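Chemist:
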Amino acid sequence: MSLRLNLKKKPDVPVEADSICPDKMEGLSLKDISALPLHHGNEQITVGDLFSITGKVNGEICLEGDTSRFKMVGASMSKGRLLIKGSIGQHVGVAMSGGEIIVGKNADNWVGPEMSGGRITVKGNAGHMVGCAYRGGQVGVTGGEIIIHGNAGNEAGNTMRDGLIAVGGSCGDFTGINMLAGTIIVLGEMGWRTGAAMKRGTIISMQDTEMLPTFTYACSYRPDFLRLYLRHLRKLGLPIEDAWISGCYHRWSGDSIELNRGEVLILDR
Amino acid sequence: MMRVAEKAKSEGNIKIVEDATCTFCGCLCDDMVLTVDVDAKKITKAKNACVLGKALFLNYEEEDRPFALIGGKEATTAEAVEEAAQILANARFPIIYGMSDTTCETQRKAVGLMDMLGGTIDSTTSVCHGPTGMALQGVGESTATLGEIKNRADLVIYWGGNPAESLPRHFARYAVTAKGMYTPNRKKDRTIVNIDVRHTKSVPVADIFIQVKPGADFELLWALRALVKNRHVDPNIEKKTGVSMKTMKDLVERMKNCRYGVLFFGMGLTMTRGRHFNSAAILSLGSDLNEYTHFIATPMRGHGNVTGADTVVAWQTGYPFGVNFSRGYPKFNPGEFTATDMFVRGDADAGLILASDPGSNFTQAAVDHMKKIPMIVLDPKYTHTAKLARVAFTTAHYGINVPGTAYRSDGVPIELRTCLDSKYPSDEEVITAIYRRVEQLLIAKKRSKGANNKRQKAA
Amino acid sequence: MDKTMILVPGRTTKQGVGLIDSKFKKDYREATTTVEINVEDMARLGLEDGCKVKLRSADGVVTVKCTGRRTEDLPPGLMFIAYGPPTSKLMGKDTAASGMPLSKHLEVELKRVS
Amino acid sequence: MGSTLRIVNGRVHDPANGVDGKTRDICIKDGKIVKSVPPKTKCVDAKGMVVMPGGVDIHCHIAGAKANIARKLQPDDHRRDIHRRMELEKINTRSGTGGTVPSTFTTGYRYATLGYTTAMEAAAPPLLARHTLEELDDTPVIDKGFYILMGNNVLLYKMLQEERHEEIRNAVAWWLNATKSYTTKLVSPGSDEPWKGHRNATITQLNDKIDGFEQLTPRKIITSMVNTVDDLGLPHPVHIHCNNLGHSGNYKTTLETMKAADGRRIHVTHIQFHSYGGKPDGEPTSKAPEIAEYINNNPNITADVGQVMFGKSTSMTADAPLAWMLTRYSNDKRWVNADTECESGCGIIPFAYQERVYTHALQWATGLELFLLSKDPWRMVLSTDHPNGGAFTSYPRLIRTLMDREFRKQQMESVNQRAVAKIKRGHHMEREYTLQEIAIITRAGPARILGLKNKGHLGPGADADITIYDEHEDKELMFSAPRYVIKDGRLIIDNHEFRNNHEGKILHVSPLYDEGIEDVIRPFVEDFYTIRFDNYAVSDHYAPRREVIPTTKQ
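Residue numbers (my numbering), protein chains in the order written: chain A, 463 to 731; chain B, 9 to 467; chain C, 4 to 117; chain D, 14 to 567.
Below you can see the structure in the form of structure tokens.
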């Protein structure tokens, strides 16, 4: 049985909870865990003030209750598992380098910003800025996987340099903006201006989309690597159709304003 | 040297204040000649002022309003300071918002107040050119003070802004009919281009008007960037933007071949879909063109001292707006610590609104939350926000009653002159008084907490 | 969906002058509650100058007066109105993690009320 | 206030007064150093410690318009280096952010925690002096001043074109008064006109004609300003950033610039960036020996090194064409250009110096060579051109590099070897700076070059700005954590702990001028600037705490 943190009462203002993370709780007693700090607005409180704590410390933490106001949960996590039963607030898994986070419902803006490894799965929808760089950052996600079963907002994969972002539903605008490398797969529709200023990297979509004027149609083909990705995603529980795995894709290359070495693959339906 | 604010000529009850600055818009024209009837407490003439400036100065009257209202009831400034301090000292996620119509001296104190409280500070920038600030952080900018544009610019492009109505003297003082060192023949030495979704009052001064389809500014900018770099552009762009390839190519040639080019842009870019990426696209276009000639891309900003707010918050915290101090140091994140989000998400548990009116110009969901939490307002006028506030201060007008510093939209700091006294306190005085009282309350709170801890330990 | 239009709020001199005087007075209210519509659109929708229309966005509903503009000034499909309390009611609340709600390109549905 | 203090048992390094490591007492009264204080005065026991005057930074970029754009530009840099708010006994300090361009409060506190008590902002356009002063006013603890940019001033060009030297002298004096600044700064004189007005070019030779001013050359501007500043008797001479910064082969320009001074006082700043051989557009080599030799032999010249330190930096300069050139070598998308009307240009880019890169390693080694070949530490002082070569927080590491031969050798081995191979070997490479020499290049020397008679020494009458370090083998450790720092007689750092806040003052000059010059400047400002002449000069209240440093004529 894992360590269980059960929220006693939803806080009045947002809470920064970077201490809720397997790394920070490793080797601690329940009493020590209870004394870990949380930042309730401008006031420092403890984990024990807001959560009842049961179970044992074995690298897996289970977060229960309405945690949609808890920010930075799993920050800088490098190992273990974090199971969030409900929804989670902003910056879940920020700068994560390993381990696994599973969000049972929705995640707010900034899922896994600047992460370098591990996997974040969101069963519901995610907000804007999934797998992004913070403002001013010149390099975003450098590794790991972010799997969103529902929809994602704007700027998914902003400035990403490596890793995988998969969205089961639709995406907002500017998917893969400023992308340096890496892979983004969107099963639903994408918003406006996909891949703007991308240098390298691959954005794949199963739905048609309007391309920016600086992208050029290159060819249609059946990319091998995509089969591997799609089978992997199917294993992770995304509804991948057989037709997609064997399907033909239109390849658009761009952004010509940058290196023109990025690609957007659109399923030929 | 004397203090700028004190320079005035008096004759009987008539006072003439020369070189006064109008704080209505970001132009901050500093050549006002104000004629003041001291006894009547009225400004009777405002030479050089535009229609907005005239409205500002000639309509000025010291309204006979209570010094403060607490819960809608009349109160003294001191009572209101006490109430405001109590609200703030007991808040966990307070926010100060506004700051674009007050002096830098006030802004400096306001940031200090939030630093001490561990709250959030944001200015009207976040709903104006905040996206441009974020764009700067992504791509940089090539900018200039307005005098350089007056002296040198031979190609001036207005994009998504209507200065004829929002910055009425922009053309005459800075960019179109202004006479400069290398532009002695004024408009004849310049080509003026206007790009907009509609035919605004700014279009008639332009030599070239390019009408872009709504929501396609980014695509047009992107196509122009590609053309400047001699890269591929899909011909579909004509249908998308409503602008012909010929027009685009003509514009690109003009941009590459001018001597000193300028892109002025307004909120037609920052407030439409694309936001900071629209700004980033136009800033990048400006920078790209420096491969060929000298080129500037710079926002046109609205409020008198909104640029000062960015400037002050940046030098004190390192970040321009949307800054939170909850953990004892500044954190910046637009979308998290910006006012609209703080209210819409229901995060803020108290608000101090300094010289702005979000009660009137914020989205309904934000206003609904403002009604739920204790709000404090400082404003010379009665506003929609004052209506819903727990504490409302009446303060004196900056630039009329109160001296101090304001930053023009290009970052040139200007010292404001005053022309009339006011019985109301300045924003700075009120903020300073609140600061002092909050400081006492926080110390007391800490002591009682310490005592509690001791008692608990003893028990 | 022929009645879905794009509404562009913006500054005007009248609105600017009005707000200095008072946001609670007639001039300002007048300036901020009049929507400009392309004359062809007006004819198509059976509207005349001065009649009241209801504008509905995803976030709110307001009733304002309409006035016609030539196609050269305002293309079909586009409407203009000065900033003010009505535009705030129509404005979106999602800032897309930018701090800026979309407030200059509002998709609204238009309906005649009088 | 108990305003007397006595420091006892410390080993004192006070080069200006010829004290080299002797144990003696230092007495303080009312913020000044005095001969003696009453016997019962509070004592600081500095046994086993080194006592020096507070550090003086002669050249850094810490406040004003360009520093602030650089701050706004780089939230990524700030995010990783926070500065917490401190709750002290009597007063709270302000929070902020660090990185290469810290916020103002953080700048002041961090200088203080390094034992620096005075710093000079090296470049501000006069039109934006108010902004610089407002930021300096929010920079706590240290005393500070700033230099105004005068090398690309269009009105001065017009006057110089017509050889109106008397008017130039009055105009410069007016400008110094109007801005409350400390001296004039020339940055790549003549280069703004081609940059702003002629398709982004620059000027490369001292005898090149300047666009639009056919009678003018950089040489004329330099000589004129050297003479003007000398004639005015300013405490610090003209502060020059030579033409061709960063370009291969630029050492010739630097030598020519120094020669152009013709025996008069001149301060050449961040001279490392101006000491390169090699062909234009080719790889640079080091010409440090030539430059160092010239300076050694010419006592009218002073310089600061502008050492490059590996790691993150921010390149920010009034030399806009240089920043544009640097974008070619940067992976960062960000580039800022900012023109100030009739006065200056500005360029900013985030940058990083890397050990493995040939040019960066060569720049680093060139700076060290200049230090090691300098025979007169009073005239070749320490700087990194913060934050251009590196942040001021890297000074302790630089000091260790100078004092510790083995440490230096280790570093030499880990950088680009092709670059190191180009550096001249010889006896100088074995040199180790002594504590006394460090005291000269970080405090006594800069104070003397600045003409600050009350700073950089511990004799009676000096400002009681004092730093006390624990003696330590590791000089980086020693200089990064003083045990006591005293500013104006107040203990700011007490036993390694930040204990007191303090507001330093603005240091500026106020040379005399003929007021008739306003009739010449006024019409120009009203025609070609965008603010009124009567709104140009800065009021006194922008520098609420200030000290006028007299000229030799006053």
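A virtual CB, placed ideally from N, CA and C, is assigned to each residue, including glycine. Since the structure is predicted, the reported quantities are computational estimates derived from the model, not experimental observations.
Nearest to Pro79(C) by CA position, among Ala97(B), Ala400(B), Pro222(B) and Arg194(B), is which residue?
Modeler: Start at 1 with the first residue of the third sequence, and residue 79(C) comes out as number 76. For the residues Ala97(B), Ala400(B), Pro222(B) and Arg194(B), the minimum Cα distance to Pro79(C) belongs to Pro222(B).
Chemist: What residue range is occupied by the uninterrupted alpha helix (DSSP H) comprising Met122(B)?
Modeler: Taking the second sequence and counting its residues from 1, one reaches residue 122(B) at position 114. Cys112 to Leu125 is the extent of the alpha helix (DSSP H) around Met122(B).
Chemist: Could you name the residues of the same chain whose beta carbon sits closer than 6 Å to that of Gly560(A), not counting the 5 residues immediately before and after it, in chain order?
Modeler: The count along the first sequence starts at 1 and reaches residue 560(A) at position 98. Contacts found: Ser540, Lys541, Gly579 and Gly580.
Chemist: With 16 other CB atoms within 10 Å as the buried threshold, where does Tyr327(B) fall?
Modeler: The residue you call residue 327(B) lines up with position 319 of the second sequence. Result: buried.
Chemist: Count the other C-beta atoms from every protein chain shown that fall within 10 angstroms of the C-beta of Ser174(B), then say buried if there are 16 or more, exposed otherwise.
Modeler: Walking along the second sequence from the start, residue 174(B) turns up at place 166. Buried: at least 16 other Cβ atoms inside 10 Å.
Chemist: Cys355(D) bridges to which residues according to DSSP?
Modeler: The residue given as residue 355(D) occupies position 342 in the fourth sequence. Answer is none; Cys355(D) lacks a bridge partner.
Chemist: Taking all protein chains shown into account, do 16 or more other C-beta atoms lie within 10 angstroms of the C-beta of Met62(D), making it buried, or fewer, making it exposed?
Modeler: In the fourth sequence, counting from the first residue as 1, residue 62(D) sits at position 49. Buried is the call here.
Chemist: So for Gln285(D), helix, strand or coil by DSSP?
Modeler: The residue labelled residue 285(D) in the question sits at position 272 within the fourth sequence. Here Gln285(D) sits in helix by DSSP.
Chemist: Using the C-alpha atoms, what's the distance from Gly31(D) back to Lys60(D)?
Modeler: The residue labelled residue 60(D) in the question sits at position 47 within the fourth sequence. The residue labelled residue 31(D) in the question sits at position 18 within the fourth sequence. Taking the straight line from one Cα to the other gives about 21 Å.
Chemist: Among the residues of its own chain, which have a CB less than 8 Å from the CB of Ser427(D), if the five just before and after it don't count?
Modeler: Along the fourth sequence, read from residue 1 onward, the residue named residue 427(D) stands at position 414. Contacts found: Glu368.
Chemist: Quick one, which residues of the region 533–555 of chain A are near chain D if we go by CB-CB under 8 Å, in chain order?
Modeler: Result list empty, no residue passes.
Chemist: Since Leu154(B) is in the alpha helix (DSSP H), which residue starts that stretch and which ends it?
Modeler: Position 146 of the second sequence, counting from 1, holds the residue named residue 154(B). Run containing Leu154(B): Leu154 to Arg160, per the alpha helix (DSSP H) assignment.
Chemist: With distances taken from CA atoms, which of Asp376(B), His137(B), Ala54(B) and Ser131(B) is nearest Met279(B)?
Modeler: Residue 279(B) sits at position 271 when you count from the first residue of the second sequence. Of the listed residues, the one whose Cα sits closest to Met279(B) is His137(B).
Chemist: Using a Cβ cut-off of 7 Å, pull out every chain A residue sitting near Glu344(B), in sequence order please.
Modeler: Translated into positions along the second sequence, residue 344(B) becomes position 336. Those are Gln552, listed as they occur along chain A.
Chemist: Quick one, are the C-beta atoms of Thr120(D) and Ile71(D) less than 8 Å apart?
Modeler: Translated into the one-based positions of the fourth sequence, residue 120(D) becomes position 107. Translated into the one-based positions of the fourth sequence, residue 71(D) becomes position 58. It is not a contact, given that the beta carbons lie outside the stated cut-off.
Chemist: Which residue wins for smallest C-alpha separation from Gly250(B), given the options Arg262(B), Arg206(B) and Ala234(B)?
Modeler: The residue labelled residue 250(B) in the question sits at position 242 within the second sequence. Nearest C-alpha to Gly250(B): Arg206(B).
Chemist: Arg107(D) CB to nearest chain A CB: under 8 Å?
Modeler: Translated into the one-based positions of the fourth sequence, residue 107(D) becomes position 94. Chain A, which has no Cβ nearer than 8 Å to the Cβ of Arg107(D), makes this no.
Chemist: Could you tell me whether the Cβ of Arg597(A) comes closer than 8 Å to any Cβ of chain D?
Modeler: Taking the first sequence and counting its residues from 1, the one referred to as residue 597(A) is at position 135. It does; some Cβ of chain D falls within 8 Å.
Chemist: Quick one: is Asp94(D) near chain A, going by C-beta distance under 8 Å?
Modeler: Taking the fourth sequence and counting its residues from 1, one reaches residue 94(D) at position 81. Chain A contact via Cβ: absent.
Chemist: Kindly list the residues whose CB is nearer than 7 Å to the CB of Met4(C), restricted to its own chain and excluding five residues on each side of it in sequence; keep chain order.
Modeler: Stepping through the third sequence from its first residue, residue 4(C) is reached at position 1. The pLDDT assigned to Met4(C) is 39, lower than 50, so where the model puts this residue is not dependable, and the model offers no usable value.
Chemist: Evaluate Tyr446(D) with the Cβ neighbour count: other Cβ atoms within 10 Å of its Cβ, from every protein chain shown; 16 or more gives buried, anything less gives exposed.
Modeler: Within the fourth sequence, numbered from 1, the residue matching residue 446(D) stands at position 433. Tyr446(D) should be labelled buried.
Chemist: Using only the alpha-carbon positions, how far apart do Glu303(D) and Gly290(D) sit?
Modeler: Position 290 of the fourth sequence, counted from the start, is the residue given in the question as residue 303(D). Position 277 of the fourth sequence, counted from the start, is the residue given in the question as residue 290(D). The alpha-carbon atoms of Glu303(D) and Gly290(D) are separated by roughly 10 Å.
Chemist: Assuming Thr318(B) contacts Thr111(B) (C-beta within less than 8 Å), just tell me the rounded distance between them.
Modeler: In the second sequence, residue 318(B) corresponds to position 310, counting from 1. In the second sequence, residue 111(B) corresponds to position 103, counting from 1. Before going on, a small fix: residue 318(B) reads as Asp here, not Thr. Asp318(B) to Thr111(B), Cβ: 14 Å. No contact.
Chemist: With H, G and I counted as helix, E and B as strand and the rest as coil, what does DSSP make of Met9(B)?
Modeler: The sequence position of residue 9(B) within the second sequence is 1, counting from 1. Note that Met9(B) scores a pLDDT of 42, beneath 50, so its modelled location is shaky; the value from the coordinates is reported in the next line. Note: Met9(B) maps to coil in three-state DSSP.
Chemist: Name the residue from Val648(A), Gly612(A) and His611(A) whose alpha carbon lies nearest to the alpha carbon of Gly619(A).
Modeler: Counted from its first residue, the first sequence places residue 619(A) at position 157. Cα-wise, what sits closest to Gly619(A) is Val648(A).
Chemist: Ignore the nearest five residues each way along the sequence and tell me which others in Arg11(B)'s own chain have a CB closer than 6 Å to its CB.
Modeler: Within the second sequence, residue 11(B) is the residue found at index 3, counting from 1. In this prediction, Arg11(B) has a pLDDT of 48, which is less than 50 and means its spatial position is unreliable; what the coordinates show is noted afterwards. Around Arg11(B): no qualifying Cβ.
Chemist: Could you please give the first and the last residue of the uninterrupted alpha helix (DSSP H) stretch that includes Pro222(B)?
Modeler: Here residue 222(B) is taken as the residue at index 214 of the second sequence, counted from 1. Pro222(B) -> no alpha helix (DSSP H), and no H or E assigned at all.
Chemist: If you run the structure through DSSP and keep just helix, strand and coil, what is Gly34(D)?
Modeler: Taking the fourth sequence and counting its residues from 1, one reaches residue 34(D) at position 21. Strand at Gly34(D).
Chemist: Counting contacts by CB-CB distance shorter than 8 Å, is Ala132(D) in contact with chain B?
Modeler: Along the fourth sequence, one-based indexing puts residue 132(D) at 119. No, its Cβ sits nowhere closer than 8 Å to a Cβ of chain B.
Chemist: Taking the C-alpha atoms as reference points, what is the distance between Leu232(B) and Asp494(A)?
Modeler: For the purposes of this step, residue 232(B) is identified with residue 224 of the second sequence, where counting begins at 1. For the purposes of this step, residue 494(A) is identified with residue 32 of the first sequence, where counting begins at 1. Each residue's Cα considered, the two are about 60 Å apart.
Chemist: Tell me, please, whether the CB atom of Asn98(B) is closer than 8 Å to any CB atom in chain A?
Modeler: Reading the second sequence from its first residue, position 90 is the one you call residue 98(B). No, Asn98(B) lies away from the interface with chain A (no Cβ there is under 8 Å from its Cβ).
Chemist: Could one say the Cβ of Pro222(B) lies closer than 8 Å to chain C's Cβ atoms, at least one of them?
Modeler: For the purposes of this step, residue 222(B) is taken as residue 214 along the second sequence, with counting starting at 1. So, interface residue.
Chemist: Using the Cα positions of Leu109(C) and Ala373(B), report the straight-line distance between them to the nearest angstrom.
Modeler: In the third sequence, counting from the first residue as 1, residue 109(C) sits at position 106. In the second sequence, counting from the first residue as 1, residue 373(B) sits at position 365. Roughly 16 Å separates the two Cα atoms.
Chemist: Which partner residues of Arg444(D) appear in the DSSP bridge assignment?
Modeler: Within the fourth sequence, residue 444(D) is the residue found at index 431, counting from 1. Arg444(D) is not bridged to any residue.
Chemist: Would you please state the rounded distance, in angstroms, between the beta carbons of Ala135(D) and Val154(D)? I believe it to be under 8 Å.
Modeler: On the fourth sequence, position 122 is the one that residue 135(D) refers to. On the fourth sequence, position 141 is the one that residue 154(D) refers to. Ala135(D) to Val154(D), Cβ: 19 Å. No contact.
Chemist: Under the rule that 16 or more other beta-carbon atoms within 10 Å means buried, what is Ser326(D), buried or exposed?
Modeler: Position 313 of the fourth sequence, counted from the start, is the residue given in the question as residue 326(D). Buried, because 16 or more other Cβ atoms sit within 10 Å of the Cβ of Ser326(D).
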